[in-house]
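Residue numbers (the working numbering): 719 to 777.
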């Protein structure tokens, strides 16, 4: 048996934007048989805390 390690870095999404990513894994054995599975990942925007930015008074 063998194993594979993978990694994934999610894309940056803008406010109010959601990305749905679908990955498919297909494996074959030595006899040519195959198996397939999929996973769906939903990437939501980061729920960052609000920022207060103080600046000079505008006129």
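Glycine included, C-beta positions come from ideal geometry on N, C-alpha and C.
The model shown is predicted, which means the values in this text are computed figures rather than measured ones.
Taking the straight line between their C-alpha atoms, what separation do you get for residue 720 and residue 732? 39 Å
Beta-carbon proximity of residue 768 to residue 735, cut-off 8 Å: no
Between which two residues does the beta strand (DSSP E) containing residue 741 stretch? 737 to 746
Output the distance between the C-alpha atoms of residue 740 and residue 746, rounded to the nearest integer angstrom. 20 Å
Measuring CA to CA, which of 761, 744 and 765 is closest to residue 755? 744
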